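One structure is given here, and the rest of the page talks about it.
Below, the structure is given as structure tokens:
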């Protein structure tokens, strides 16, 4: 199986760094600090201009679970069509039903909206009721990739489930290993479970360039530092690339 390194980015700066570090593909999102949401149009356009590797776009209208209201689902479907027209190579989506199973009706509609595009089922898979059934459902929907940590907090803890999924998937669908991925993890899981596709952020925390700081005011989630920025670290991507290719 061909090896693949996907890097999740939420800025033009991180996208350029990830490409230079050796990423094969980017997952473009916004608000990485809350797990990622749908990026802005201008953000995507600037990344598309700056990078010539494949771009998959996360379509997630909000933080939280994957049980969407009808207005939220209509937004997701519209965004899939919009980013297709804007030149995205793929979309990253996922919808669940209240019982924890994949919402097959909605996922089929999204597959139709994404005609001709790569489609990844994101980590909604990791909170679904039955990963074996969800895998078969994804295959039946002609989904290309499942991004998973093996239904655990990180991929090392979930490696046995991932190993089983890789064996069950065969050449029908790609299993993209995510959560906690770095060079060391790539070496470990490449050898132990023969994983070949990995998803990482490779982020580091940069200090804000602000010299004046009013730290009495908090604009976001309580407890978060307003004067820190997440950015892809090139050396982390380079090391991951080397580990995957070794």
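In our numbering, the protein residues as written are -16 to 229.
We treat Cβ as the ideally placed atom computed from N, Cα and C, and that holds for glycine.
Remember, it's a predicted structure, so these values are computed and weren't measured experimentally.
Check, Outcome
"Three-state secondary structure (DSSP) of residue 49", "coil"
"Residues that residue 183 bridges to, as DSSP identifies them", "-10"
"Contact check, residue 84 vs residue 106, beta carbons under 8 Å", "no"
"Coarse secondary structure for residue 13, derived from DSSP in three states", "strand"
"Nearest-angstrom Cβ-Cβ length linking residue 168 and residue 139, presumed shorter than 8 Å", "6 Å"
"Beta-carbon proximity of residue 220 to residue 4, cut-off 8 Å", "yes"
"Assigned secondary structure, residue 159 (DSSP; H/G/I helix, E/B strand, else coil)", "strand"
"Residue from 129, 10, 121, 16 with nearest C-alpha to residue 205", "16"
"Backbone CA spacing between residue 226 and residue -12 [nearest angstrom]", "10 Å"
"Residue -10 beta carbon less than 8 Å from that of residue 11", "no"
"Nonlocal neighbours in the same chain, by C-beta distance under 7 Å from residue 43, ignoring five residues either side", "19, 20, 21"
"Strand pairing of residue 213, partner residues [DSSP]", "188"
"Classification of residue 70 by the beta-carbon crowding that lies within 10 angstroms, buried from 16 upward", "exposed"
"C-alpha gap between residue 37 and residue 156, whole angstroms", "18 Å"
"Status (buried if at least 16 other CB within 10 Å, exposed otherwise) for residue 207", "exposed"
"Assigned secondary structure, residue 90 (DSSP; H/G/I helix, E/B strand, else coil)", "helix"
"Where residue 51 falls, given that 16 or more other Cβ within 10 Å makes a residue buried", "buried"
"Among 150, 103, 181, 147, nearest to residue 128 - alpha-carbon criterion", "103"
"Residues near residue 33 by beta carbon distance below 7 Å, same chain, minus five either side", "-5, -2, -1"
"Residue range of the unbroken alpha helix (DSSP H) whose run includes residue 147", "142 to 152"
"Local Cβ density within 10 Å of residue 214, reported as buried at 16 or more and exposed below that", "buried"
"One or two residues paired with residue 73 in a DSSP bridge", "39, 101"
"Buried or exposed (CB count within 10 angstroms, at least 16 for buried), residue 54", "exposed"
"Boundaries of the beta strand (DSSP E) in which residue 129 is found, first to last residue", "128 to 131"
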